[in-house]
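**Q** Line by line, the protein sequences are chains U and W. Quick note: the first sequence uses our numbering, first residue 1, plus one each step. Quick note: the second sequence uses our numbering, first residue 114, plus one each step. Backbone N, C-alpha and C define an ideal beta-carbon position, used for all residues, glycine too.
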Amino acid sequence: KAGVTQTPRYLIKTRGQQVTLSCSPISGHRSVSWYQQTPGQGLQFLFEYFSETQRNKGNFPGRFSGRQFSNSRSEMNVSTLELGDSALYLCASSVGAGTYEQYFGPGTRLTVT
Amino acid sequence: QKEVEQNSGPLSVPEGAIASLNCTYSDRGSQSFFWYRQYSGKSPELIMFIYSNGDKEDGRFTAQLNKASQYVSLLIRDSQPSDSATYLCALVSGGYNKLIFGAGTRLAVHP
Numbered sequence: 001k002a003g004v005t006q007t008p009r010y011l012i013k014t015r016g017q018q019v020t021l022s023c024s025p026i027s028g029h030r031s032v033s034w035y036q037q038t039p040g041q042g043l044q045f046l047f048e049y050f051s052e053t054q055r056n057k058g059n060f061p062g063r064f065s066g067r068q069f070s071n072s073r074s075e076m077n078v079s080t081l082e083l084g085d086s087a088l089y090l091c092a093s094s095v096g097a098g099t100y101e102q103y104f105g106p107g108t109r110l111t112v113t
Numbered sequence: 114q115k116e117v118e119q120n121s122g123p124l125s126v127p128e129g130a131i132a133s134l135n136c137t138y139s140d141r142g143s144q145s146f147f148w149y150r151q152y153s154g155k156s157p158e159l160i161m162f163i164y165s166n167g168d169k170e171d172g173r174f175t176a177q178l179n180k181a182s183q184y185v186s187l188l189i190r191d192s193q194p195s196d197s198a199t200y201l202c203a204l205v206s207g208g209y210n211k212l213i214f215g216a217g218t219r220l221a222v223h224p
């Protein structure tokens, strides 16, 4: 069974721009969670989607948003990029109902200049 | 107080030894706990999960959970240089799939 895929793997953007990252979960998984990883803050939860509904949200500004499609694929968007948004963005998928095990994709490395 | 605390290490152990990694947490209501391994430049990989008090074994890995004392540990038997990585402890917070992670413990296994 194929794992979680994320595109693109690397991205360089300029301050003020916006970016969209994509995630395809493991086949059969209906929950997709997004995390940000930085050297200073570690791994932090952004939000989680299940059946196209956001069920949980972390403490990030409204510039960070996401959505999930009917095929469980998910996108996250960051608008008005700041230097501090440079990070590894990780997507994790899980079955979503009754179990909590999450499996991570390879991540998207975002650099904001 | 951080929700999940781990010693940042590095924890250095000789090849073949047992590596013991520890994690404490503050929320007494937490029920589900996870250990992830992350190699440098890679994404976290789920290696163990534990939901009940006691021990859970999988190959060379044993996870231990003590809810009364609010700690989780991971034992790696017969440590190999390939086990050298950062080990992240995580728990589910607030239901659904929100994982809270510790800062991770860096393990170095030397030949």
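1. Using a C-beta to C-beta distance shorter than 7 Å, which residues of chain W count as neighbours of P106 (chain U)?
2. Please tell me whether F45 (chain U) has its Cβ less than 7 Å away from any Cβ of chain W.
3. Check whether the segment 119-137 of chain W touches the segment 181-200 of chain W, counting contact only when three or more Cβ pairs, one atom from each stretch, lie closer than 8 Å.
4. Would you grab the beta carbon distance between S186 (chain W) and N135 (chain W) for me? Rounded to a whole angstrom, and I think it's under 8 Å.
5. Considering only their Cβ atoms, is the gap separating F69 (chain U) from L46 (chain U) smaller than 7 Å?
6. Report all residues from its chain with a CB closer than 7 Å to the CB of D171 (chain W); omit the five preceding and five following residues, and keep chain order.
7. N56 (chain U) touches chain W at which residues, Cβ-Cβ below 8 Å?
8. Could you have a look at G129 (chain W) and say whether DSSP puts it in helix, strand or coil?
9. From E48 (chain U) to S74 (chain U), what distance separates their C-alpha atoms?
10. Quick one, are the C-beta atoms of G96 (chain U) and R30 (chain U) less than 7 Å apart?
11. Give every residue of the same chain whose Cβ lies closer than 8 Å to the Cβ of S27 (chain U), excluding the five residues on either side of it in the sequence, and list them in chain order.
12. Does DSSP classify L81 (chain U) as helix, strand or coil?
13. If you check the beta carbons only, do G215 (chain W) and Q151 (chain W) fall under 7 Å apart?
**A** Based on what the coordinates show:
1. S156
2. yes
3. yes
4. 5 Å
5. no
6. M161
7. G207, G208, Y209, N210, K211
8. coil
9. 10 Å
10. A contact, by the Cβ cut-off of 7 Å.
11. K1, A2
12. coil
13. no
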